[in-house]
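The structure under discussion appears below in the form of structure tokens.
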Amino acid sequence: MTTWSRATSTVRLSRHTFASPHLARHARRQSVSAFATPQPSASSSHARSSPLASANKVDPHALLKAEITHVRSSLLNLLGSSNPTLSEIASYYFHHPSKQLRPLLVLLFSRATNGLGSHFPLKLWFAEHSHLSAEQLDAPLSRPDVLNDYNPSMPDHTASFQSPFDLRPPPTHTFPSPPPSLYAESAVSSQLAHTLLPTQLRLAQIVEMIHVASLLHDDVIDKSDLRRGAPSAPAAFGNKLAVLGGDFLLGRSSAALARLGDNEAVELISSVIANLVEGEILQMKGTSARTNVESSASSEVDLASLHAEPLHAEVPCSDRWCTYLKKTYLKTASLMAKGARAAVVLGGCREGEVWKEVAYAYGRNLGTAFQLVDDILDFSSSTALGKPGSGTDLRLGIATGPVLYAAEEYPELEPLIARGFKHDGDVERAMSLIHASSGVQRTRDLAQAYAEKAREVLGVLPASEAREALEALTDGVVRRGW
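Counting in the numbering used here, the sequence shown runs from 592 upward without gaps.
As structure tokens, then:
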């Protein structure tokens, strides 16, 4: 049986996979612990012995400690501006502690799949011999006097504005050509297969920049005063600068994305930005609206396609739930799914090879589980998480999984949901009913079911430390308290 047929028969990979409407609470549970902060050594032996890693699992942070440290430290070089205030707001959230989940996911999938794609030898050769080397990824594709993109951490990309612009001769670029033998499939040594390409390291930075840009915009929309215990960017700089800082990050990430030199990766990651906006609009419309969700084969939510492979959790099939889960994909899971897929593409995976399908399916399921847990934490969180008390989503008029489940048991929640918890006492009444219901536990079961799907997908990958680290990452996402 081929790798592809084995993968499809085992996990039924599908680009339209979403939650099944039929849930049962039989998600397999394993004794695991949340993944931990980086340990002093990034060696694989230490990764296995980390006291904070899951039993018999590789600690993902320890395995890639050196790479994550590099991604974080060099990322700030991408954020410089001629305006000091803009530089400060763009880098504001990067100075606060973060789990770096999205860059970690990109790098783990890169390491788990490098050497599997038929074009990996070609990608590796270009990384060593061409303009895609680590030193050249910051170099502009256009002339500095055309870009006018000032960044003090990079070569001067600006020109004088004091005189009319003269016609300039076009620049000449010469790139080396790889030997023909590299276009043929060839074996890659295990040592080289563990090599992370410069483009993949840069992709990890790009997805984090997009994520932080979304945080800047979200904190403006949600009127948040805190972000993980510290003043939010809108509180520190004002709404206008926070919005502009997010826009600036998206601009810088788009330029960095173009310099990766891969059209498919550009398409994947740029579409995430549109997904984030669509998800925010969907959330603003409210889950109380009886939204008609597309039922065509191309819809993001294709519930019927999953009846043959149901989740082991319990969710009603309704327009409200479809809208909620679609919003969850657009706002959260999309960046994880497409970031992981783009990492595999940059590693030389071609169309028709299973590895990028594995990456997308894993990232989509993990991202959904992550957001479901986040929605649970809203009912047991504190200011340490940047939320001024529990029920923050309720105060914004947002009905998440625990609320929708609770409404099945307590129909008196329905009018509160419909009016967005706007009347005096609505939030307090809703909180009381939610805590009296099984809504939180059922949402946790649903998150566990998505995590099980993500873990199941990993079985298609060859055994490796990176795969074990992805399994530990899955466990940590479900059991996290942050």
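A virtual CB, placed ideally from N, CA and C, is assigned to each residue, including glycine.
Just so we're clear, the structure is a prediction, and the values are computed from it rather than from any experiment.
Can you tell me whether L670 is helix, strand or coil according to DSSP? Coil, per DSSP.
Specify the secondary structure class of P712 as computed by DSSP and reduced to three states. In this structure, P712 counts as helix in the three-state DSSP scheme.
So what's P822 in DSSP terms, helix, strand or just coil? In the three-state scheme derived from DSSP, where H, G and I count as helix and E and B as strand, P822 is classed as strand.
Given A1038 as reference, the closest of D740, E869, L968 once Cα atoms are compared: The residue with the shortest Cα to Cα distance from A1038 is L968.
With distance defined between alpha-carbon atoms, name the residue in P712, S1023, S682, A1042 nearest to F828. Ranking P712, S1023, S682, A1042 by Cα distance to F828 puts S682 first.
Among E948, D757, Y920, whose alpha-carbon lies nearest the alpha-carbon of A931? Comparing Cα-Cα distances from A931 to each of E948, D757, Y920, the minimum goes to E948.
From A1045 to E1059, what does the alpha carbon distance come to, in whole angstroms? Using only the alpha carbons, I get a separation of about 13 Å.
Given a threshold of 16 other Cβ atoms within 10 Å of its Cβ, counted over all protein chains shown, does A1082 qualify as buried or as exposed? Nothing in the structure corresponds to residue 1082, since the chain is present only between 592 and 1073.
Measuring alpha carbon to alpha carbon, tell me which residue in D740, F839, F717, S709 is nearest E679. Ranking D740, F839, F717, S709 by Cα distance to E679 puts F839 first.
What residue does the alpha helix (DSSP H) around V737 start on, and which one ends it? Run containing V737: 735–738, per the alpha helix (DSSP H) assignment.
In its own chain, which residues sit with a C-beta less than 7 Å from the C-beta of I864, not counting the 5 before and 5 after it? Taken in chain order, the residues that qualify are I801, L841.
L987: which of G1011, L695, P651 sits nearest, CA to CA? Nearest C-alpha to L987: G1011.
Identify the residues that DSSP records as bridge partners of L788: which are they? Paired residues: none, contrary to the question.
Could you tell me the distance, in whole angstroms, from the CA atom of T790 to the CA atom of N674? Distance between the alpha carbons of T790 and N674 is about 28 Å.
Considering only C-alpha positions, which residue in the set V935, D740, T786 is nearest to L1052? Sorting V935, D740, T786 by C-alpha distance to the C-alpha of L1052 places V935 at the top.
Going by the DSSP bridge assignment, what does L817 pair with across the sheet? Answer is P822, bridged to L817.
Exposed or buried, M875, counting other C-beta atoms within 10 Å across all chains shown (16 or more means buried)? Classification of M875: exposed, given that the 10 Å Cβ count is below 16.
Taking buried to mean at least 16 other C-beta atoms within 10 Å of its own C-beta, is R818 buried or exposed? The residue in question, R818, is buried, as its Cβ has 16 or more Cβ neighbours within 10 Å.
Roughly how many angstroms separate the alpha carbons of N830 and T676, rounded to a whole number? Spanning the alpha carbons of N830 and T676 requires a straight line of approximately 14 Å.
Taking only three categories from DSSP, how would you classify P1053? The answer is coil: DSSP assigns P1053 none of H, G, I, E or B.
On the criterion of 16 or more Cβ atoms from any shown chain inside 10 Å, does K648 qualify as buried, or is it exposed? Per the 10 Å Cβ criterion, buried.
Whole-Å CB distance - Y996 paired with S1029, under 8 Å assumed: Between Y996 and S1029, the beta carbon gap of about 7 Å places them in contact (Cβ cut-off 8 Å).
Is the beta carbon of I989 less than 8 Å from the beta carbon of A998? Judged by their CB atoms, I989 and A998 are not nearer to each other than the 8 Å cut-off.
Any idea what DSSP makes of D1015, helix, strand or coil? Coil at D1015, not helix or strand.
Cα-Cα, which of Y920, T983, K929 is closest to R694? In the sequence as presented, Arg is not what sits at residue 694; that position holds Pro. Ranking Y920, T983, K929 by CA distance to the CA of P694 puts K929 first.
Candidates S701, L926, Q1032, E1043, of which the one nearest G870 by Cα: Nearest C-alpha to G870: L926.
Minimum C-alpha distance to R1035 - residue among H1014, R1071, G938, L1004: From the listed residues H1014, R1071, G938, L1004, the smallest Cα separation to R1035 is found for R1071.
Indicate whether the contact test is met: 3 or more Cβ pairs, each with one atom in the segment 658–667 and one in the segment 689–707, closer than 8 Å. Touching, yes.
For a test of the three-state rule: what should DSSP assign to P731, helix, strand or coil? In the structure shown, P731 sits in coil (DSSP, three-state: anything other than H, G, I, E or B).
Expected contact under 8 Å - CB spacing of A950 and Y1041 to nearest Å: The Cβ separation is near 16 Å, so there is no contact.
Spatial neighbours of S815 in its chain, beta-carbon cut-off 6 Å, leaving aside the 5 residues before and after: The beta carbon of S815 is closer than 6 Å to those of S823 in its chain, skipping five residues each way along the sequence.
According to DSSP, is R1070 part of a helix, a strand, or is it coil? Look at R1070 here: in three-state DSSP terms it is helix.
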